[in-house]
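Working notes, beginning with the structure itself.
Chains as they are written, first to last, in my numbering: chain F, 1 to 147; chain S, 148 to 344.
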């Protein structure tokens, strides 16, 4: 049985109020640190791109003028010479994105399974003649209905 | 021209990876942790409905409130918040409140039969493992450091043993503080006048 709440002393209540205050301050500090890290990373990437292009700009001006003058710029050719890092990064990102999609799908089906199981039990309490759509427990089409 | 394209390409890729990890993956991990915590809460409810636990005990109410707080505020659990919490416990005098909370939890458990205590403790340990997995996977540093270890442990099928070991190593005070935070947040959000449950 739930016991009656023991009366707290003034010191205990003061400690609790201090805890709640700290908790609010801690929350805000955490939010600021996370924002700084998150957007700091994005700013670093942008800065790296800017600095790299800026450094190259001085070195390559003459070469670019030559290319433009001869009208020989070919995007496909330029891309084919791209460094391997782009390909490695692109493959990793595509892999991560596909894995993310697969996991989201699994999570959705896990939730369907968990929620529908509880729902079936609760509905049966009210209506024992309850009929079913006969989808699988994870919400997929019943193999018998595939054709 | 190729160099410019390379730099822009790498910049776009890195920004995409940042977006995928910071927003999409993080949101997925929050949803996953919430779904797992909901499953624990449902299991506890079913156990009580089958009279293997008592709905009207303090221990059940505290456990449910703690799980509710964890579900409601999963988005706030992170490595940074864990570090801030550790600083608060060790240097800013939050220990008194934690001791109070410990006493309250122990009192509530002492009134229960051993089997009920075991069930509640098992479910709470499972909730702690979920929170730990959430913190590890949403921190970029921990994620990159532990990914090879986690991959290896999954291959040799020792992941459960490893997480239980880590959970014990983290210490009872840290978990108690996390539980208390969750419990307090749930109590606050329901406008309870008595702080921390």
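In this text, a Cβ means the ideal position worked out from N, Cα and C, and glycines have one as well.
Anticipated Cβ contact below 8 Å, residue i with residue j, distance rounded
i, j, result
"residue 225 of chain S", "residue 34 of chain F", "6 Å"
"residue 325 of chain S", "residue 85 of chain F", "About 40 Å separates the two Cβ atoms, so there is no contact after all."
"residue 184 of chain S", "residue 107 of chain F", "The pair is not a contact, with the Cβ atoms about 13 Å apart (cut-off 8 Å)."
"residue 276 of chain S", "residue 310 of chain S", "5 Å"
"residue 53 of chain F", "residue 154 of chain S", "6 Å"
"residue 42 of chain F", "residue 165 of chain S", "6 Å"
"residue 219 of chain S", "residue 336 of chain S", "7 Å"
"residue 206 of chain S", "residue 255 of chain S", "4 Å"
"residue 177 of chain S", "residue 217 of chain S", "Contact flag wrong, Cβ pair sits at about 11 Å."
"residue 169 of chain S", "residue 104 of chain F", "At roughly 16 Å, the Cβ-Cβ gap does not stay under 8 Å, so residue 169 of chain S and residue 104 of chain F are not in contact."
"residue 89 of chain F", "residue 151 of chain S", "At roughly 17 Å, the Cβ-Cβ gap does not stay under 8 Å, so residue 89 of chain F and residue 151 of chain S are not in contact."
"residue 110 of chain F", "residue 182 of chain S", "6 Å"
Enclosing alpha helix (DSSP H) for residue i [first to last residue]
i, result
"residue 216 of chain S", "205-219"
"residue 153 of chain S", "149-166"
"residue 347 of chain S", "Absent from the structure is residue 347 of chain S, since the part of chain S shown begins at 148 and ends at 344."
"residue 138 of chain F", "First-last for residue 138 of chain F: undefined, no H or E at that position."
"residue 192 of chain S", "173-196"
"residue 293 of chain S", "287-302"
"residue 331 of chain S", "319-336"
"residue 104 of chain F", "84-126"
"residue 251 of chain S", "242-257"
"residue 227 of chain S", "226-238"
Under 9 Å from the C-beta of residue i: neighbouring residues of chain C
i, result
"residue 154 of chain S", "Structure shown: chain C not included; protein chains present are F and S."
**Report entry** Short-range partners of chain F found in the region 190-211 of chain S, where Cβ spacing is below 7 Å
**Finding:** Per Cβ criterion, the list reads 203, 204, 205 and 208.
Report task. Anything in the region 244-258 of chain S with a Cβ closer than 7 Å to a Cβ of chain F? List those residues in chain order, please. Result -> Look at the region 244-258 of chain S: the residues with a C-beta under 7 Å from a C-beta of chain F are 244 and 247.
Requested in this report: Say whether the region 324-333 of chain S touches the region 207-220 of chain S, bearing in mind that this needs 3 or more beta-carbon pairs closer than 8 Å, one atom from each stretch.
Outcome: Yes, they touch.
Query - Against chain F: residues of the region 318-329 of chain S by CB proximity under 8 Å - result: Within the region 318-329 of chain S, the residues whose Cβ lies closer than 8 Å to some Cβ of chain F are 328, listed in chain order.
Report task. Decide yes or no for the touch test of the region 18-33 of chain F against the region 134-146 of chain F: beta carbon pairs closer than 8 Å, at least 3 of them. Result -> A contact between stretches requires three or more CB pairs, one per stretch, nearer than 8 Å, and the region 18-33 of chain F fails this requirement with the region 134-146 of chain F.
Report task. Could you please tell me which residues of the region 157-180 of chain S, in chain order, have their CB closer than 7 Å to any CB of chain F? Result -> Correct list: 157, 158, 160, 161, 162, 163, 164, 165, 167, 169, 171, 172, 175, 178 and 179.
Report task. Output, in sequence order along the chain, the residues in the region 110-131 of chain F whose CB is closer than 8 Å to any CB in chain S. Result -> Residues of the region 110-131 of chain F that bring their beta carbon within less than 8 Å of a beta carbon in chain S comprise 110, 111, 114 and 118, in sequence order.
**Report entry** Members of the region 14-27 of chain F that neighbour chain S once the beta carbon cut-off is set at 8 Å
**Finding:** Hits within the stretch, in order: 15, 16, 17, 18, 19, 20, 22, 23, 26 and 27.
Report task. Inspect the CB distances between the region 262-282 of chain S and the region 189-206 of chain S and report whether three or more fall short of 8 Å. Result -> These segments touch.
Report task. Scan the region 91-110 of chain F for residues whose Cβ lies nearer than 7 Å to a Cβ of chain S and list them as they occur along the chain. Result -> Taking 7 Å as the cut-off between beta carbons, the residues of the region 91-110 of chain F near chain S are 93, 96, 97, 100, 103, 104, 107 and 110, in sequence order.
Query raised in the report: Can we say the region 111-125 of chain F touches the region 181-196 of chain S, given the rule of at least three CB pairs closer than 8 Å?
Result: Yes: the two stretches touch, three or more of their Cβ pairs being nearer than 8 Å.
**Report entry** Contact residues within the region 257-289 of chain S, judged by C-beta distance below 9 Å to chain F
**Finding:** When CB distances to chain F are screened at a threshold of 9 Å, the residues of the region 257-289 of chain S falling below it are 258 and 287, in chain order.
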